[in-house]
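Data block below; observations after.
There are 2 protein chains.
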Amino acid sequence: MAKKAKVNAGILIIGNEILSGRTQDTNTSTLATWLNSIGVKVVEVRVIPDIEKTIVDTVNFLRSTYDYVFTTGGIGPTHDDITAEAISKAFGLKYEIHKEAFKILEKYYKPGEFNKGRQKMIWMPENAGLILNPTSGAPGFSIENVFCLPGVPSILKSMLGGITNKIVGGEPILSLTINLRTVESEIAKSLTSIQDKNKEVEIGSYPFFQAGKLGVSIVMRSTDQNKIDNCNLEIMKLVKEKNIQIAEKR
Amino acid sequence: MAKKAKVNAGILIIGNEILSGRTQDTNTSTLATWLNSIGVKVVEVRVIPDIEKTIVDTVNFLRSTYDYVFTTGGIGPTHDDITAEAISKAFGLKYEIHKEAFKILEKYYKPGEFNKGRQKMIWMPENAGLILNPTSGAPGFSIENVFCLPGVPSILKSMLGGITNKIVGGEPILSLTINLRTVESEIAKSLTSIQDKNKEVEIGSYPFFQAGKLGVSIVMRSTDQNKIDNCNLEIMKLVKEKNIQIAEKR
């Protein structure tokens, strides 16, 4: 893929355990932070249950809408791990044993331990690219612009390094955060006018409570450092005018 | 709404800060846990940016697909808080000052503090129902089956008690979790056959690492306690056969 100015992605979290509230998803924030650092903007996240048709339809929508799609969950050895088969159906590809994955897991496990349950993890869409797993052996896989990762956060994190060079990002998205000792309503009007004058900087305003004190985080995001700097100057002017204390800048 | 056996919901998380990875969403898990406890099953979660058309389209899709929709984020006083206006457009309703919300905030703030920024928070779709906010004054609102809550987790949590009686849930979703000292591949085949024999119980299998030890959580979910109990008996039989240690049952 040729380098584009703006590259986007959708994230698909697959798993009943997130929808029931039993498990707190943290993979979205891990993936989004990593993608941002390589110039890919996450535009949408969906969380869906372990239902084949839902996975097929959602993957097909996301992969035709965004430059990249990252799925998490459903690639383990049990009956509720149906992501690999569903992705095969989404692409109209055979669901078959991946020879390289077989070799990797045969070597990873002690003799006799590579049992039927574990062998489920080498079934993938035909011609899938492997995503190596330094933590627990079983690889993830990619097909075209779709990258399928496991749901366990520590394992997922360990696998990102192996695909960074497969993702062609756009210009890195830069950001500057200023934490102010004020409340949103105090600066709302001025912020609106700063946003109107700086359309290419995305300005976010987020109230926080920290160590018993109220504050507002102002987050400026853009691919252009100069534009962030200009925006920052206007915020600093506002801060001075209103005599607001700066708690942190990073 | 008459009481139905199965009642479902979609959750819509609105906010660039979640998509950039800056903020870890915890509202999904809070809402899902609460909804489960009142017999509402969350079927889908979407995270979208602060873009009006995206909010309008997504809300219109979700509200026609699920019994209930819960949105979080974008109802504060700043320029990036556009949820109330977008929801008005989604329903084709006027976006106007809500008289009761005005009275609430006029009383909540000290004289002179109810400034223009804060007055933005009383603009809502016409005839919106208010969701009272015991934490920070500014109410959320509901229109038909859509409930709009703030993004700040502590404030959102404090507002759920006020709408529990507005949600007509189905039969409560019961669950039993058994944590086993084993690995998924050891029990995968037996679990598949237990799931096949117990189609009305949703059986999830989730590996975990805890205090340096590997384990698997088996989660059984159903509206029928007898069916969970039957399923549990079969799991206990499997555990005994394979001589697996039970770490926890709840």
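In the order they appear, the protein sequences are chains A and B. Mapping of the first sequence onto our numbering: residues 1 to 250, in sequence order. Mapping of the second sequence onto our numbering: residues 1001 to 1250, in sequence order. Built from N, CA and C at the ideal position, the CB exists for glycine as well. As the structure is a prediction and not an experimental result, all values here were calculated from the model.
Please compile the residues from chain A whose C-beta is within a distance smaller than 7 angstroms of the C-beta of residue i.
i                       : result
residue 1049 of chain B : 43
residue 1024 of chain B : 26, 29
residue 950 of chain B  : In the structure as shown, chain B starts at 1001 and stops at 1250, and residue 950 of chain B therefore has no counterpart that could be examined.
With burial defined as no fewer than 16 other Cβ atoms inside 10 Å of the residue's Cβ, what is the status of residue i: buried or exposed?
i                       : result
residue 1074 of chain B : buried
residue 1188 of chain B : buried
residue 165 of chain A  : exposed
residue 64 of chain A   : exposed
residue 97 of chain A   : exposed
residue 1195 of chain B : buried
residue 105 of chain A  : buried
residue 107 of chain A  : exposed
residue 251 of chain A  : Past the boundaries of the shown model lies residue 251 of chain A; chain A is included only from 1 to 250, so the question cannot be answered.
residue 29 of chain A   : buried
residue 240 of chain A  : exposed
residue 193 of chain A  : exposed
residue 1081 of chain B : buried
residue 125 of chain A  : buried
residue 111 of chain A  : exposed
residue 1 of chain A    : For residue 1 of chain A, the pLDDT reaches just 47, beneath the cut-off of 50, and the residue's location in the model is therefore unreliable, leaving the point undetermined.
Relative to the C-alpha of residue i, which candidate in the options has its C-alpha closest?
i                       : options                        : result
residue 1044 of chain B : B:1055, B:1024, B:1062         : B:1062
residue 155 of chain A  : A:168, A:137, A:56, A:199      : A:137
residue 92 of chain A   : A:60, A:250, A:135             : A:60
residue 183 of chain A  : A:109, A:114, A:243            : A:243
residue 102 of chain A  : A:110, A:68, A:198, A:114      : A:114
residue 79 of chain A   : B:1190, B:1019, B:1089         : B:1190
residue 1123 of chain B : B:1024, B:1013, B:1148         : B:1148
residue 37 of chain A   : B:1021, B:1168, B:1036         : B:1021
residue 1133 of chain B : B:1125, B:1159, B:1208         : B:1159
residue 1249 of chain B : B:1226, B:1216, B:1012         : B:1216
residue 1027 of chain B : B:1019, B:1012, B:1016, B:1040 : B:1012
For residue i, return the contacting residues in chain A, with the cut-off set at a CB-CB distance below 8 angstroms.
i                       : result
residue 1117 of chain B : 184, 185, 186, 187, 188, 189
Can you pull the chain A residues whose beta carbon is under 9 angstroms from the beta carbon of residue i, in chain order?
i                       : result
residue 1120 of chain B : 185, 188
residue 1152 of chain B : 206, 207, 208, 209
I'd like to confirm something about residue i: is its beta-carbon nearer than 8 angstroms to some heavy atom of the ligand ADP, or not?
i                     : result
residue 75 of chain A : Because no ligand of any kind appears in the structure shown, any question about the ligand ADP cannot be addressed here.
So residue i contacts chain B; which residues on that side make the cut at Cβ distance below 8 angstroms?
i                      : result
residue 250 of chain A : Simply none; closest approach about 11 angstroms.
By the criterion of Cβ-Cβ separation under 7 angstroms, what are the contact partners of residue i in chain C?
i                       : result
residue 1195 of chain B : No chain C appears in this structure, whose protein chains are A and B.
Check the Cβ of residue i against every Cβ in chain B and list those closer than 7 angstroms, keeping chain order.
i                      : result
residue 36 of chain A  : 1020, 1021
residue 192 of chain A : 1079
Residues of the stretch 1060 to 1083 of chain B whose Cβ lies closer than 9 angstroms to any Cβ of chain A, in chain order
Here the close residues are 1076, 1077, 1078, 1079, 1080, 1081.
Going along the chain, which unbroken runs of the alpha helix (DSSP H) with 4 or more residues stay wholly within the stretch 133 to 171 of chain A?
Correct list: 153 to 160.
Could you list the residues in the stretch 1005 to 1022 of chain B with a C-beta less than 9 angstroms from some C-beta on chain A, going in chain order?
Those residues of the stretch 1005 to 1022 of chain B that come within reach of chain A (Cβ to Cβ, closer than 9 angstroms) are 1011, 1013, 1015, 1016, 1017, 1018, 1019, 1020, 1021, 1022.
Note down, in chain order, all residues in the stretch 203 to 231 of chain A with a beta-carbon under 9 angstroms from any beta-carbon belonging to chain B.
203, 204, 205, 206, 207, 208, 209, 216, 217, 219, 221: these are the residues of the stretch 203 to 231 of chain A whose beta carbon lies less than 9 angstroms from some beta carbon of chain B, given in chain order.
Counting only Cβ-Cβ distances shorter than 7 angstroms, please list the residues of the stretch 1166 to 1185 of chain B near chain A, keeping chain order.
Residues passing the 7 angstroms Cβ filter: 1184, 1185.
Unbroken stretches of the alpha helix (DSSP H), 4 residues or longer, contained in the stretch 72 to 103 of chain A
Within the stretch 72 to 103 of chain A, the complete alpha helix (DSSP H) runs of at least 4 residues are 83 to 91.
What are the complete alpha helix (DSSP H) segments, minimum 4 residues, inside the stretch 39 to 67 of chain A?
Unbroken alpha helix (DSSP H) stretches of 4 residues or longer found wholly inside the stretch 39 to 67 of chain A: 52 to 65, given in chain order.
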